[in-house]
Amino acid sequence: MFYRKECATIAQLTSLSSVDRRWGKVTMFPHDAVAIAHPNIAFIKYWGNRDHNLRIPTNGSISMNLEGLYTRTQVAFDAALVADELVLNGLPQSGPALQRVLTVLECVRSLAHTENHARVESENNFPTGVGIASSASAFAALSLAASAAVGLQLSERELSRLARLGSGSACRSVPGGFVEWQAGEGDEDSYAGSIAPPDYWELTDCIAVVSAEHKPTGSSQGHRLAESSPLQVARLAGTPQRLILCRQAILERDFDTLAIVTELDCHLMHAVMMTSRPALIYWAPATLSVMATVQTWRKGGLEVCYTIDAGPNVHILCPNHVSTRVVELIEQVPGVVQVLTAQPGGPARLVV
Ligand code: DP6
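Here is the structure:
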């Protein structure tokens with residue numbers, strides 16, 4: 001049986017080998033399972049890998065899961081299938097999308113000592129590929145559904161590591177609420193955990209959608225370009241300090257500090273993107289309009305700040321009590337086609 005390098009690596013690790021031993025006692029497995037997971041928005045960004053295959057990041061990151069937006073994934077292992085199948089939002093997939101799913105399925109098969117193929121059906125309730133991290137919720141839901149379908153009971157940490165192999169930011173969609181991904185040194189210690197539960201801080205992410213088109217350069221390709229920017233070294237040098245500030249801001253529910261550190265970190269990541277070779281420019285004209293407008297509102301006393309992932313849409317964070325007003329204001333900015341809202345979301349979970 002063929003195993004990719006990273007699957008062999010993860011299966012050899014002590015903590016996951018303990019699953020192997022547990023598995024040895026199981027005689028039947030349920031064959032299919034359904035899981036949901038939320039996307040997340042990073043306040044301190046992940047950009048660049050030390051190991052691209054294992055997705056070991058160059059820096060730690062902090063995010064908030066987004067309740068209301070989700071990926072729902074069903075995985076069914078079936079001895080009658082001759083190959084793995086992937087259906088995404090109703091459309092059968094092949095090529096790179098299927099290959100990426102195989103990374104997780106092969107690890108799960110290796111851990112569970114099964115050779116059965118799987119049918120994966122996944123749906124998002126939000127637009128794909130527009131800077132709302134669909135790969136995060138997709139791989140968190142896939143890891144949980146696939147491991148449950150073969151009867152594996154992985155810990156949150158093990159699931160986070162498994163999800164990370166499919167998409168780095170997916171490791172942050174496994175735990176609930178406000179989440180930190182410890183960069184770690186290697187596969188075993190690179191995983192995410194909760195800093196605070198979803199109800200700890202009543203924040204809203206108002207997502208100003210300015211384009212629903214697919215982004216030209218995906219994050220995986222972008223991570224590979226990060227070190228070609230002369231600014232990446234400077235960004236990384238300050239990341240430990242920004243992680244401390246962001247963690248404290250969350251724990252103290254300090255919006256002003258969160259606003260300053262989140263916008264700074266966003267600008268640093270986009271400065272790296274723009275100075276990579278080739279340059280990556282994800283912003284559209286309306287992205288800049290929203291950024292400038294949010295800055296004006298904050299100067300006027302409104303508690304708002306923004307952050308932007310690898311896409312043109314702007315995530316505007318604010319306390320819940322001003323979110324209705326903020327949405328009304330964003331809708332008036334020229335170029336904004338839709339505003340989605342999300343509050344802090346829970347962990348990846350099985351649907352029974
Ligand atoms: C800009 O997790 O999408 O959203 O590991 O290649 O799937 P892959 O990359 P991905 O990168 C996310 C980049 C980001 C910042 C962040 O979410 O931290």
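Each residue of the sequence shown is one higher than the last, beginning at 1 in my numbering. Every residue, glycine too, gets a C-beta built ideally from N, C-alpha and C.
- Here the region 335-349 lies against the region 283-299, with 3 or more beta-carbon pairs under 8 Å apart.
- DSSP places V174 outside any beta strand (DSSP E), giving it a letter other than H or E.
- In the three-state reduction of the DSSP assignment, N59 falls in the coil class, being assigned neither a helical nor a strand state.
- Three or more beta-carbon pairs separated by less than 8 Å are not found between the region 255-268 and the region 186-193, which leaves the two stretches without contact.
- Counted as a single uninterrupted DSSP element, the alpha helix (DSSP H) harbouring E331 occupies residues S323 to E331.
- For the pair of segments examined, the region 98-112 was found to touch the region 161-179: the number of CB pairs separated by less than 8 Å reaches three.
- Checking the 6 Å criterion, the Cβ of S167 is within range of a heavy atom belonging to the ligand DP6.
- For D205, the enclosing beta strand (DSSP E) has its first and last residue at L203 to V209.
- Rounded to the nearest whole angstrom, the CA to CA distance from R55 to S63 is 17 Å.
- When the beta-carbon positions are compared, R253 and W201 come within less than 7 Å of each other.
- Per DSSP, reduced to three states, the secondary structure at H117 is strand.
- Between the alpha carbons of A33 and E328 lies a gap of roughly 40 Å.
- Within the region 129-171, the alpha helix (DSSP H) runs of at least 4 residues that lie entirely inside it are, in chain order, 134-149 and 156-166.
- The C-alpha of A97 lies about 19 Å from the C-alpha of F77.
- Non-local beta-carbon contacts of A146 in its own chain, meaning distances under 7 Å to residues more than five positions away in sequence, involve V75, V104, L105, V108 and A118 in chain order.
- Residue pairing by DSSP puts M64 in a beta bridge opposite I41 and F178.
- The C-alpha of H31 lies about 20 Å from the C-alpha of E158.
- Where T239 is concerned, there is no enclosing beta strand (DSSP E), although the alpha helix (DSSP H) around it starts and stops at Q232 to L251.
- Distances between the C-beta of R100 and the heavy atoms of the ligand DP6 are all 6 Å or more.
- Looking at the backbone, the Cα of F255 and that of L268 are separated by about 20 Å.
- By the Cβ criterion, the region 166-180 is in contact with the region 343-351, since at least three pairs of Cβ atoms, one from each stretch, lie closer than 8 Å.
- Proximity of the beta carbon of D309 to the ligand DP6 is indicated: a heavy atom of the ligand is located closer than 6 Å.
- In this structure, the beta-carbon distance from D205 to I330 does not fall below 7 Å.
- A direct Cα-Cα distance of roughly 13 Å separates A208 from C318.
- Note that the C-beta distance between A141 and P39 is not below 7 Å.
- For S228, no pairing in a beta bridge is given by DSSP.
- Distance from S167 to A226 at the Cβ level is roughly 16 Å; contact not present, criterion being Cβ atoms closer than 8 Å.
- Rounded to whole angstroms, the separation of the alpha carbons of Q153 and H113 is 14 Å.
- Between the ligand DP6 and R55, a heavy atom-to-CB distance of less than 6 Å is present.
- Across the set S220, E67 and N116, the C-alpha of S220 shows the shortest separation from the C-alpha of G48.
- Contact annotation, S169 with Y46: C-beta distance approximately 6 Å; criterion of less than 8 Å satisfied.
- In this structure, the C-beta of A42 approaches the ligand DP6 to less than 6 Å from one of its heavy atoms.
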